[in-house]
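Asker: There's a structure below that I have some questions on.
There are 2 protein chains.
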Amino acid sequence: MPLRIWPQVQTVSRRAGLAVPGFRVAGVRCGLKPSGNLDLALIASDLPAAVAGMFTKHAFPGAPVVVSRSCARRGRARAVVVNAGIANVATGAQGEQDAKQMTRLVGAELNVPSREVMVASTGVIGVQLPMDRIAAGIESAAKELAPNAWDTVSRSIMTTDTRPKLVSTKAGGVRLLGVAKGAGMIQPNMATMLCFLASDVAAEPAFLKAALHSAVGPSLNSLTIDGETSTSDMVVLLANAHAGGPALTEADLAKSPRAQSFQSALTDTCQRLADELAFDGEGVTRIASIQVLGARNARDADRVARSVANSALFKTALFGADPNWGRIVQAAGAAGVRLDLATLDIHVGRVPLLLGGEPTGKRELAGQQMRRTRVEIEIRVGTGPGEARVLTTDLTYDYVKINAEYTT
Amino acid sequence: MPLRIWPQVQTVSRRAGLAVPGFRVAGVRCGLKPSGNLDLALIASDLPAAVAGMFTKHAFPGAPVVVSRSCARRGRARAVVVNAGIANVATGAQGEQDAKQMTRLVGAELNVPSREVMVASTGVIGVQLPMDRIAAGIESAAKELAPNAWDTVSRSIMTTDTRPKLVSTKAGGVRLLGVAKGAGMIQPNMATMLCFLASDVAAEPAFLKAALHSAVGPSLNSLTIDGETSTSDMVVLLANAHAGGPALTEADLAKSPRAQSFQSALTDTCQRLADELAFDGEGVTRIASIQVLGARNARDADRVARSVANSALFKTALFGADPNWGRIVQAAGAAGVRLDLATLDIHVGRVPLLLGGEPTGKRELAGQQMRRTRVEIEIRVGTGPGEARVLTTDLTYDYVKINAEYTT
Numbered sequence: 008m009p010l011r012i013w014p015q016v017q018t019v020s021r022r023a024g025l026a027v028p029g030f031r032v033a034g035v036r037c038g039l040k041p042s043g044n045l046d047l048a049l050i051a052s053d054l055p056a057a058v059a060g061m062f063t064k065h066a067f068p069g070a071p072v073v074v075s076r077s078c079a080r081r082g083r084a085r086a087v088v089v090n091a092g093i094a095n096v097a098t099g100a101q102g103e104q105d106a107k108q109m110t111r112l113v114g115a116e117l118n119v120p121s122r123e124v125m126v127a128s129t130g131v132i133g134v135q136l137p138m139d140r141i142a143a144g145i146e147s148a149a150k151e152l153a154p155n156a157w158d159t160v161s162r163s164i165m166t167t168d169t170r171p172k173l174v175s176t177k178a179g180g181v182r183l184l185g186v187a188k189g190a191g192m193i194q195p196n197m198a199t200m201l202c203f204l205a206s207d208v209a210a211e212p213a214f215l216k217a218a219l220h221s222a223v224g225p226s227l228n229s230l231t232i233d234g235e236t237s238t239s240d241m242v243v244l245l246a247n248a249h250a251g252g253p254a255l256t257e258a259d260l261a262k263s264p265r266a267q268s269f270q271s272a273l274t275d276t277c278q279r280l281a282d283e284l285a286f287d288g289e290g291v292t293r294i295a296s297i298q299v300l301g302a303r304n305a306r307d308a309d310r311v312a313r314s315v316a317n318s319a320l321f322k323t324a325l326f327g328a329d330p331n332w333g334r335i336v337q338a339a340g341a342a343g344v345r346l347d348l349a350t351l352d353i354h355v356g357r358v359p360l361l362l363g364g365e366p367t368g369k370r371e372l373a374g375q376q377m378r379r380t381r382v383e384i385e386i387r388v389g390t391g392p393g394e395a396r397v398l399t400t401d402l403t404y405d406y407v408k409i410n411a412e413y414t415t
Numbered sequence: 008m009p010l011r012i013w014p015q016v017q018t019v020s021r022r023a024g025l026a027v028p029g030f031r032v033a034g035v036r037c038g039l040k041p042s043g044n045l046d047l048a049l050i051a052s053d054l055p056a057a058v059a060g061m062f063t064k065h066a067f068p069g070a071p072v073v074v075s076r077s078c079a080r081r082g083r084a085r086a087v088v089v090n091a092g093i094a095n096v097a098t099g100a101q102g103e104q105d106a107k108q109m110t111r112l113v114g115a116e117l118n119v120p121s122r123e124v125m126v127a128s129t130g131v132i133g134v135q136l137p138m139d140r141i142a143a144g145i146e147s148a149a150k151e152l153a154p155n156a157w158d159t160v161s162r163s164i165m166t167t168d169t170r171p172k173l174v175s176t177k178a179g180g181v182r183l184l185g186v187a188k189g190a191g192m193i194q195p196n197m198a199t200m201l202c203f204l205a206s207d208v209a210a211e212p213a214f215l216k217a218a219l220h221s222a223v224g225p226s227l228n229s230l231t232i233d234g235e236t237s238t239s240d241m242v243v244l245l246a247n248a249h250a251g252g253p254a255l256t257e258a259d260l261a262k263s264p265r266a267q268s269f270q271s272a273l274t275d276t277c278q279r280l281a282d283e284l285a286f287d288g289e290g291v292t293r294i295a296s297i298q299v300l301g302a303r304n305a306r307d308a309d310r311v312a313r314s315v316a317n318s319a320l321f322k323t324a325l326f327g328a329d330p331n332w333g334r335i336v337q338a339a340g341a342a343g344v345r346l347d348l349a350t351l352d353i354h355v356g357r358v359p360l361l362l363g364g365e366p367t368g369k370r371e372l373a374g375q376q377m378r379r380t381r382v383e384i385e386i387r388v389g390t391g392p393g394e395a396r397v398l399t400t401d402l403t404y405d406y407v408k409i410n411a412e413y414t415t
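Structure (structure tokens):
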């Protein structure tokens with residue numbers, strides 16, 4: 008199945024020689040993946056960095072999530088170590104010890120406090136980490152740290168991803184770079200969405216936390232491939248102040264152009280990474296942005312958008328490029344939100360398909376929009392202020408094939 | 008794809024000569040289906056019957072739902088008229104008039120008040136009913152009313168169903184018969200779950216309402232094929248007191264053996280119809296009952312069961328007969344309910360797959376259970392009193408094919 012790629016992201020992610028001042032990184036092989044591919048990454052900040060993180064709300068978070076969440080709460084980090092191949096989930100007390108041991112090994116190599124080291128693991132669950140290999144991997148990664156190795160990092164964290172995901176941008180004199188892996192949370196044994204963002208901006212942890220929440224809400228948290236949540240999802244933002252200037256505070260978000268410029272770059276980066284994750288979803292041939300407008304409030308808008316985005320009927324219609332407004336109406340009305348059909352407008356691309364609950368007869372034109380690689384669906388449900396956007400993917404034969412035939 | 012049928016239901020539904028004393032029914036052709044198949048059914052009670060109904064919670068209910076809901080609130084009905092082929096949904100004021108006109112036409116034919124006539128429609132949405140054909144259909148159905156024509160009724164209400172669904176039982180001297188159509192709510196344009204139950208029991212509307220809610224909760228309302236809700240779903244129970252005896256009251260449910268025997272027959276009938284609907288789901292090769300035990304309360308149990316039942320990953324594993332406990336753990340933990348992995352047991356059939364969060368190594372044996380037509384999954388999450396059961400189906404190539412290629 009030919010998989011077309013959103014050209015803009017492709018261009019950015021292929022740019023070589025990317026670096027964020029004050030960060031050195033590495034990706035190495037330590038034998039966790041049967042394929043023998045790169046499987047351990049280290050991100051190190053030469054200066055103590057402020058940090059913010061967002062973590063899975065799954066009832067069974069992996070040991071690395073527990074360790075990294077504590078570090079994020081303290082707001083300071085010097086390094087992140089990531090392994091792919093084994094998730095260190097459902098591994099009990101041994102798993103907790105191993106996650107902590109990874110922070111100690113990194114701390115010793117880099118001569119930094121282990122409590123300022125974050126750890127992330129992704130891969131199969133219910134399997135203990137081979138700590139001898141992990142230790143060797145950390146040792147060799149520490150030796151290979153270099154400013155320009157982000158591409159290697161993006162490859163080391165892959166599991167079932169078909170390609171690395173890296174976005175880099177510059178805004179208001181600061182550099183922001185993000186790598187991500189996973190495809191939503193679509194495969195519980197080899198799954199997980201991980202995203203690591205590094206910047207040389209000077210900012211307090213509280214600023215980073217607020218900015219990260221604002222950025223992730225409409226991007227990575229608005230991406231659904233099959234409605235699944237992983238035990239290990241994590242988004243981490245490190246900022247080492249290398250660019251200088253006074254540290255941005257939470258209060259700056261409302262008034263400082265420098266803060267707003269960073270927020271905008273961060274949101275844009277997260278959105279581009281979310282698009283890359285969606286396109287790399289299992290069996291995906293097409294993605295759709297579901298924008299809901301005019302709801303009573305943002306929560307109602309979000310419920311309607313997610314109801315459409317997770318509808319198996321909408322997702323199969325997307326695969327078939329069928330401008331089937333009946334399925335959108337059905338899914339929107341089933342969201343558990345009070346709606347009036349008489350004030351419902353649906354546009355595909357900019358083509359009106361339904362206006363005031365009445366079909367416009369423009370199925371042919373709308374069908375052309377449905378055949379695009381990225382389909383824009385706009386659902387206006389009334390005149391309220393509530394808006395939401397959710398990114399979703401099509402449901403295809405290949406999704407079923409990959410997941411019905413996949414064996415742990 | 009070979010579709011195996013749950014033998015017990017098959018046997019029951021093929022029994023000929025079924026009747027419920029005091030009810031006469033008919034199914035006729037009036038030209039609503041392109042195929043020319045039976046498309047209009049009439050159920051008439053010779054005596055005024057007590058009635059209870061449960062209706063879709065969709066934000067855009069069809070006009071027939073609005074009309075029948077009012078009738079159910081009043082608690083008395085003489086007849087139900089059902090057409091298949093056109094759903095009379097998203098049809099505005101004309102649709103409302105047409106639904107009411109159907110009750111008047113039946114009222115005139117049967118010489119009963121039109122407000123005691125219920126109406127249901129299923130089929131394409133956004134299309135007006137051809138009332139001349141409907142009127143001719145009602146006229147001819149009224150002429151053909153007969154006690155033994157329930158099989159014809161079950162065929163007249165079909166849309167994309169591949170076979171009729173009829174269950175009949177006798178309990179404590181009363182007869183209970185149910186017909187149903189639809190396959191969950193899996194196709195918004197030709198979809199809808201309709202279920203009509205008739206009994207000769209003597210009972211007050213309040214008793215019927217309570218008994219119906221108890222029966223539908225763990226059966227028809229616990230069936231999910233793709234998480235979709237239709238604009239026209241309806242379950243109606245008519246009881247004409249032909250069997251005699253004092254009318255059962257709501258208070259009897261707690262103490263009268265006669266009431267409990269009826270409740271048990273009603274629940275069993277609804278569960279058997281739910282199984283039939285599940286097996287006739289689009290592309291379905293296998294169904295699974297997800298039983299959750301030991302939750303803090305029934306609501307938590309239901310959330311965990313539904314999270315597993317609606318998980319695309321679990322549904323594809325079911326198709327592949329893969330005893331993938333990782334996907335069950337993943338989906339259970341993502342339900343938004345506080346759980347502890349250390350107290351999680353998972354059984355497939357009666358084979359333990361996970362005990363206290365630890366794999367038992369019995370994948371082989373569990374795999375044999377997964378290859379059955381009806382798979383029993385038991386998830387014990389703790390020692391609380393909360394229990395729930397949800398019935399689900401596998402997600403197959405054929406589901407994607409039918410829904411990606413289906414055009415309105």
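Residue numbers (the numbering used here), protein chains in the order written: chain A, 8 to 415; chain B, 8 to 415.
Glycine included, C-beta positions come from ideal geometry on N, C-alpha and C.
Answer yes or no: does any C-beta atom of chain B fall closer than 8 angstroms to that of L244 (chain A)?
Answerer: Counting from one through the first sequence, the residue named residue 244 (chain A) turns up at place 237. No, its Cβ sits nowhere closer than 8 angstroms to a Cβ of chain B.
Asker: Determine whether the Cβ of R345 (chain A) lies closer than 8 angstroms to any Cβ atom of chain C.
Answerer: Of the protein chains in this structure, namely A and B, none is chain C.
Asker: Could you give the residue range of the alpha helix (DSSP H) that holds E412 (chain A)?
Answerer: For the purposes of this step, residue 412 (chain A) is identified with residue 405 of the first sequence, where counting begins at 1. Per DSSP, E412 (chain A) belongs to the alpha helix (DSSP H) from Y404 to E412.
Asker: Looking at C-alpha atoms only, which residue of A:A254, A:S75, A:R111 and A:A272 is the closest neighbour of S226 (chain A)?
Answerer: Here residue 226 (chain A) is taken as the residue at index 219 of the first sequence, counted from 1. Checked all of A:A254, A:S75, A:R111 and A:A272; the closest Cα to S226 (chain A) is A:A272.
Asker: Which whole-angstrom value describes the C-beta separation of K466 (chain A) and A187 (chain A), a residue pair presumed to lie in contact below a C-beta threshold of 8 angstroms?
Answerer: Since the displayed chain A opens at 8 and closes at 415, residue 466 (chain A) lies outside it and no answer follows.
Asker: Shortest alpha-carbon distance to V32 (chain B) belongs to which of B:R122, B:R162 and B:N155?
Answerer: By one-based count along the second sequence, residue 32 (chain B) stands at place 25. Closest by alpha carbon: B:N155.
Asker: Between G363 (chain A) and A349 (chain A), is the Cβ-Cβ spacing less than 8 angstroms?
Answerer: Within the first sequence, residue 363 (chain A) is the residue found at index 356, counting from 1. Within the first sequence, residue 349 (chain A) is the residue found at index 342, counting from 1. Yes, these two residues count as a Cβ contact at 8 angstroms.
Asker: On a Cα-Cα basis, can you pick out the residue from B:L245, B:S263 and B:T403 that is closest to P253 (chain B)?
Answerer: Looking up residue 253 (chain B) in the second sequence gives position 246. Of the listed residues, the one whose Cα sits closest to P253 (chain B) is B:S263.
Asker: Can you find a CB in chain A that lies within less than 8 angstroms of the CB of F326 (chain B)?
Answerer: Taking the first residue of the second sequence as position 1, residue 326 (chain B) is located at position 319. Interface residue, yes.
Asker: Under a three-way DSSP split, which group does E385 (chain B) fall into?
Answerer: Here the question's residue 385 (chain B) lines up with position 378 in the second sequence. In the structure shown, E385 (chain B) sits in a strand (DSSP, three-state: E or B).
Asker: For chain B, is any of its Cβ atoms less than 8 angstroms away from the one on Q337 (chain A)?
Answerer: Working through the first sequence from its first residue, we reach residue 337 (chain A) at position 330. Yes, Q337 (chain A) lies at the interface with chain B (some Cβ there is under 8 angstroms from its Cβ).
Asker: Excluding the 5 residues preceding and the 5 following P195 (chain B) in the sequence, name in chain order all residues of the same chain whose CB lies nearer than 6 angstroms to its CB.
Answerer: The residue labelled residue 195 (chain B) in the question sits at position 188 within the second sequence. In this prediction, P195 (chain B) scores a pLDDT of 37, lower than 50, which makes its location untrustworthy; the coordinate-derived value is nonetheless stated afterwards. Excluding sequence neighbours, P195 (chain B) sits near nothing in its chain.
Asker: Flag this pair as yes or no: are the beta carbons of A48 (chain B) and I164 (chain B) separated by less than 8 angstroms?
Answerer: The sequence position of residue 48 (chain B) within the second sequence is 41, counting from 1. The sequence position of residue 164 (chain B) within the second sequence is 157, counting from 1. Contact flag set, yes.
Asker: Thinking just about the alpha-carbon of each residue, which of A:F30, A:L398, A:G60 and A:Q375 is nearest to the one in L215 (chain A)?
Answerer: The residue labelled residue 215 (chain A) in the question sits at position 208 within the first sequence. If we check each option's Cα against that of L215 (chain A), A:G60 comes out closest.
Asker: Just tell me which of A:V160, A:V311, A:R293 and A:A295 has its CA closest to the CA of G301 (chain A).
Answerer: What you label residue 301 (chain A) is simply residue 294 of the first sequence in a count that begins at 1. That would be A:V311, whose Cα lies nearest to the Cα of G301 (chain A).
Asker: Assuming S52 (chain A) and L245 (chain A) are in contact, meaning their beta carbons sit under 8 angstroms apart, how far apart are those beta carbons, in whole angstroms?
Answerer: Against the first sequence, residue 52 (chain A) aligns to sequence position 45. Against the first sequence, residue 245 (chain A) aligns to sequence position 238. Yes, S52 (chain A) and L245 (chain A) are in contact; Cβ-Cβ is about 6 angstroms, under 8 angstroms.
Asker: To be precise: take each residue of the segment 359-371 of chain B, compare its Cβ to all Cβ atoms of chain A, and keep it if any distance is under 8 angstroms. Which residues remain?
Answerer: Cβ contacts with chain A come from G364 and P366.
Asker: Flag L173 (chain B) as yes if its beta-carbon sits less than 8 angstroms from any beta-carbon of chain A, otherwise no.
Answerer: In the second sequence, counting from the first residue as 1, residue 173 (chain B) sits at position 166. No, no contact with chain A.
Asker: So, does the CB of T403 (chain B) fall closer than 8 angstroms to a CB anywhere in chain A?
Answerer: Along the second sequence, one-based indexing puts residue 403 (chain B) at 396. Chain A, which has a Cβ nearer than 8 angstroms to the Cβ of T403 (chain B), makes this yes.
Asker: Would you say the beta carbon of V96 (chain A) is closer than 7 angstroms to some non-hydrogen atom of the ligand MG?
Answerer: Ligands displayed in this structure: none; no statement on the ligand MG is therefore possible.
Asker: What alpha helix (DSSP H) runs, 4 residues minimum, are completely inside the segment 126-160 of chain B?
Answerer: The segment 126-160 of chain B contains these whole alpha helix (DSSP H) runs: 138-151.
Asker: Straight-line CA distance for Q101 (chain A) to N95 (chain A)?
Answerer: Walking along the first sequence from the start, residue 101 (chain A) turns up at place 94. Walking along the first sequence from the start, residue 95 (chain A) turns up at place 88. Whole-angstrom Cα-Cα distance: 9 angstroms.
Asker: Could you check if S239 (chain B) is buried or exposed, using at least 16 other CB atoms within 10 Å of its CB as the buried criterion?
Answerer: The residue you call residue 239 (chain B) lines up with position 232 of the second sequence. Under this definition S239 (chain B) is a buried residue.
Asker: Which residue from A:E383, A:A308, A:R122 and A:M241 puts its Cα closest to that of G389 (chain A)?
Answerer: Translated into positions along the first sequence, residue 389 (chain A) becomes position 382. It is A:A308 whose Cα lies nearest to the Cα of G389 (chain A).
Asker: Can you have a look at K322 (chain B) and say buried or exposed, based on whether 16 or more other CB atoms are within 10 angstroms of its CB?
Answerer: Position 315 of the second sequence holds residue 322 (chain B). Burial call: buried.
Asker: Candidates A:R345, A:L361 and A:L346: which alpha carbon is nearest D352 (chain A)'s?
Answerer: Counted from its first residue, the first sequence places residue 352 (chain A) at position 345. Measuring from the Cα of D352 (chain A), the nearest candidate turns out to be A:L361.
Asker: Within the chosen definition, does the segment 274-287 of chain A reach the segment 368-375 of chain A through at least 3 CB pairs nearer than 8 angstroms?
Answerer: Contact between the segment 274-287 of chain A and the segment 368-375 of chain A is absent, because fewer than three Cβ pairs lie under 8 angstroms.
Asker: At a CB-CB cut-off below 8 angstroms, which residues of chain A make contact with L227 (chain B)?
Answerer: Here residue 227 (chain B) corresponds to residue number 220 of the second sequence, with the count starting at 1. Residues of chain A passing the Cβ test: none, with the nearest at roughly 16 angstroms.
Asker: Are there 16 or more other CB atoms within 10 angstroms of the CB of N118 (chain A), so buried, or fewer, so exposed?
Answerer: To locate residue 118 (chain A), count along the first sequence from 1; it is residue 111. N118 (chain A) should be labelled exposed.
Asker: Measuring only the C-alpha atoms, how far is V19 (chain A) from A411 (chain A)?
Answerer: In the first sequence, the residue the question calls residue 19 (chain A) occupies position 12. In the first sequence, the residue the question calls residue 411 (chain A) occupies position 404. Note that V19 (chain A) has pLDDT 39, beneath the 50 cutoff, so the model's placement of it is unreliable and the number below is only indicative. Cα to Cα, the separation comes out at about 34 angstroms.
Asker: Would S75 (chain A) be called buried (16 or more neighbouring beta carbons within 10 Å of its own) or exposed?
Answerer: If you number the first sequence from 1, residue 75 (chain A) lands on position 68. With 16 or more Cβ atoms within 10 Å of its Cβ, S75 (chain A) is classed as buried.
Asker: What does the alpha-carbon distance come out to for the pair L204 (chain A) and R357 (chain A)?
Answerer: The residue you call residue 204 (chain A) lines up with position 197 of the first sequence. The residue you call residue 357 (chain A) lines up with position 350 of the first sequence. Approximately 34 angstroms, taken between the alpha carbons.
Asker: In whole angstroms, give me the CA-to-CA distance for T403 (chain A) and P120 (chain B).
Answerer: Along the first sequence, one-based indexing puts residue 403 (chain A) at 396. Along the second sequence, one-based indexing puts residue 120 (chain B) at 113. Using only the alpha carbons, I get a separation of about 51 angstroms.
Asker: Among A:G333, A:R387, A:V407 and A:R378, which one has its Cα closest to the Cα of I294 (chain A)?
Answerer: Within the first sequence, numbered from 1, the residue matching residue 294 (chain A) stands at position 287. Cα-wise, what sits closest to I294 (chain A) is A:R378.
Asker: Less than 8 angstroms separating the beta-carbons of S128 (chain B) and G38 (chain B)?
Answerer: On the second sequence, position 121 is the one that residue 128 (chain B) refers to. On the second sequence, position 31 is the one that residue 38 (chain B) refers to. Their beta carbons are not under 8 angstroms apart, which means S128 (chain B) does not touch G38 (chain B) by this criterion.
Asker: Distance check for C202 (chain B) and F67 (chain B), CA to CA, integer angstroms please.
Answerer: As a working mapping, residue 67 (chain B) is identified with position 60 in the second sequence. As a working mapping, residue 202 (chain B) is identified with position 195 in the second sequence. Answer to the nearest angstrom: the Cα atoms are 20 angstroms apart.
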